[in-house]
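Each residue of the sequence shown is one higher than the last, beginning at 0 in numbering that gives the first Met the number 0.
Glycine included, each C-beta is placed from N, C-alpha and C at the ideal position.
As the structure is a prediction and not an experimental result, all values here were calculated from the model.
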Amino acid sequence: MKFEFSTFKTVASYSILMLTNLYLSGQTKFSFDDEILKKFDYQTLTPVKVKQVTDGSEKRNAYMISINEQIPISSDELKGSFTIVSNKMGFHDQDVSGHFLKYELSEEVIKYYDLPESNVLLVENENTKKLYVMESSFLKNINKEKEEKQKYEADRETVNRFMQSLGYKPYQIGENLYVKTKYYRIWCTMATLEVLQKDKDYLKKVDNWFEQQQSIRKQIIATIPKFDHYVRLYRIQKNRMSKTDISAWTSLTKSANDLNKKQVELTESYGD
């Protein structure tokens, strides 16, 4: 079950913490760039305030979560870089006297429930110095998204160099790379590279296939008026049609069948 701040209060039995595999060791900073805002515009951070609290007879400072406040990551409040203050804290929706308060962000929660790790982060906006709590899985997804983007860009550059080596002139539309052949615009990916490494003339063969297909199509279209002629002739003359016309009609039918067979064979051979 995934931990969500928005449903936290309604799932009391699961409200301690749900664990996740983090892969965040060593990371101390992050930010929300335009790509992240587009991809994760539904995400929010929850404010955390340092307050002086009374726990039993003890007064101390505590990180208290403003559980009813949700700040969208697109908010101006969240612009700039963030520092990870701690990834070892947790919180609960009930007080445990002498240990932690309701909605207090504390390492004591992890110790008290003997949890191996936390799935939330305490982060600080470097510009405003304001504190927030966020799901560590969100940061994991941000990192994954950035890694995938970097890999895509590296692969695109590899494909770009390879296509140039074959004499093509790659160009970019948005994030994607394309080349133009005689008849097609080809989206160039690593899959394209793999095909062309096996057969560098593959795209030329695709153009040749198109030319053959168009040639057969034109020949088939050219038979239509001739068939119309013989059909009209038959309707008028029926069994009085001349042997010459019948022979020509038969020959035309055979020719059309041959063209259709070629078209089927050509279609089936596409991609071979």
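Q: Take L251 and list the residues in its own chain whose beta-carbon comes closer than 8 Å to its own, dropping the five residues that flank it on each side.
A: T222, K225, F226, Y229
Q) From what residue to what residue does the beta strand (DSSP E) around R234 run? A) It is not in any beta strand (DSSP E) - R234 instead sits in the alpha helix (DSSP H) that spans 201-236.
Q) Helix, strand or coil: how does DSSP classify L100 here? A) coil
Q) Looking at the structure shown, is E116 part of a helix, part of a strand, or coil, going by DSSP? A) coil
Q | Length at least 4, wholly inside the segment 175-200: the alpha helix (DSSP H) runs in chain order | A | 189-197
Q: Measure the alpha-carbon distance for L21 versus Y102 and round it to whole angstroms.
A: Its pLDDT being 36, under 50, L21 is placed unreliably by the model, and the measurement read from it follows with that caveat. Going by the C-alpha atoms only, they are around 22 Å apart.
**Q.** 7 Å Cβ cutoff met for S117 and I109
**A.** yes
Q: Please say whether L176 and C187 have beta carbons closer to each other than 7 Å?
A: yes
Q) Below 7 Å between beta carbons: does that hold for D123 and V84? A) Reading the sequence as shown, one finds Glu at residue 123 and not Asp. Against a cut-off of 7 Å, the Cβ pair of V84 and E123 comes out as a contact.
**Q.** Completely contained alpha helix (DSSP H) runs for the segment 32-65, where each covers 4 or more residues
**A.** Assignment of alpha helix (DSSP H) within the segment 32-65, counting only whole runs of 4 or more residues, yields 33-38 in chain order.
Q | Sheet register partners of K28 (DSSP bridge) | A | T82
Q) Quick one: what does DSSP say N20 is sitting in, helix, strand or coil? A) Because N20 carries a pLDDT of 34, less than 50, the predicted location of this residue cannot be relied on, and no value is offered for it.
Q: Tell me whether S105 sits in a helix, a strand or coil according to DSSP, three-state version.
A: strand
Q | Run of the alpha helix (DSSP H) containing E267, from where it starts to where it stops | A | 242-268
Q | Cβ pair count under 8 Å reaching 3, the segment 144-159 against the segment 188-208 | A | yes
Q: For S214, count neighbouring Cβ atoms within 10 angstroms of its own Cβ and tell me buried if that reaches 16, exposed if not.
A: exposed
Q. Where do the ends of the beta strand (DSSP E) carrying I172 lie?
A. In the DSSP assignment, I172 falls within the unbroken beta strand (DSSP E) covering 170-172.
Q. Just how far apart, CA to CA, sit L100 and Y151?
A. 46 Å
**Q.** Cutoff 6 Å; reference G89; Cβ partners in own chain excluding five residues on either side
**A.** L16, V108, I109, S117
Q | Start-to-end residues for the alpha helix (DSSP H) that takes in M162 | A | For M162, the enclosing alpha helix (DSSP H) covers residues 135-164.
Q.
Less than 7 Å between C-beta atoms, sequence neighbours within five positions excluded: which residues of the same chain meet that for L36?
A. These residues qualify, in order along the chain: I72, S73.
**Q.** Whole-angstrom distance between L258 and Q236, CA atom to CA atom
**A.** L258 has its alpha-carbon roughly 28 Å from the corresponding atom of Q236.
(Q) Let me check one thing: in DSSP terms, what residues is N124 bridge-paired to? (A) N124 is bridged to F81.
Q) Does the Cβ-Cβ distance between W208 and Y167 come in under 7 Å? A) no
Q. In its own chain, which residues sit with a C-beta less than 6 Å from the C-beta of D94, not counting the 5 before and 5 after it?
A. Sequence-distant Cβ neighbours of D94 in its own chain, meaning closer than 6 Å and more than five residues away, are L100, K101.
Q.
Excluding the 5 residues flanking K87 on each side, which residues of the same chain have their C-beta closer than 7 Å to its C-beta?
A. Excluding residues within five positions, the ones whose Cβ falls inside 7 Å are E106, I109, S117.
**Q.** Identity of the residue in S254, L44, K253 nearest M133 by Cα
**A.** L44
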